[in-house]
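In the working numbering, the protein residues as written are -8 to 98.
Worksheet: the structure to be examined is printed underneath.
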Amino acid sequence: MGEFDLLSSGFKAIAMLCLVLGLLIVVLYLMKRFFFLRRKKEGNVFIKILTSMHLSPKQRIEVIEIMGEKIVLGVTQESIRFLTKLSDDPVNQKEHQDRNKDYEIKE
């Protein structure tokens, strides 16, 4: 009689474990379906990392594109800072290059 009680208790424990795991899988599936994928897709709301340059192990400069605009960010371990916005207009790029010639090191 003692072996039967031990065997039935083992089956009950395994059945409860399967029930809890099944319930966990169902809850996670429902959370994924209704909460995480609930975001509305509005046109091109994509963020692309165009390039990244590491300055030190914990600091880098990244050029990203958000909805067609190119933005330069400074990224450190503590913060992300907006540095500048890049334009595709060749006239503005020429003006920017002319302005930066004042800062070139002349030997």
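All C-beta atoms in this analysis are idealised placements derived from N, C-alpha and C, irrespective of residue type, glycine included.
Notebook entry, point to check: What three-state label does DSSP hand Met58 in the structure shown?
Noted result: It is coil, neither helix nor strand.
Note to self: Between which residues of its own chain and Leu77 is the CB-CB distance below 6 Å, once the five residues before and five after are set aside?
What the structure shows: Lys61, listed in sequence order.
Next item on the list: Could you check which residue in Leu14, Val54 and Phe(-5) has the C-alpha nearest to that of Lys39?
Entry: For the residues Leu14, Val54 and Phe(-5), the minimum Cα distance to Lys39 belongs to Val54.
Next item on the list: Please go through the same chain and pick out, in chain order, the residues whose beta-carbon is closer than 8 Å to the beta-carbon of Ser(-1), but skip the five residues on each side of it.
Entry: Cβ-Cβ distances below 8 Å link Ser(-1) to nothing in the same chain once the five nearest sequence neighbours on each side are left out.
Next item on the list: Report yes if the CB atom of Ile52 is closer than 8 Å to the CB atom of Met58, and no otherwise.
Entry: Against a cut-off of 8 Å, the Cβ pair of Met58 and Ile52 comes out as no contact.
Notebook entry, point to check: Could you give the distance in angstroms between the alpha-carbon of Val66 and the alpha-carbon of Lys3?
Noted result: The alpha-carbon separation between Val66 and Lys3 amounts to approximately 54 Å.
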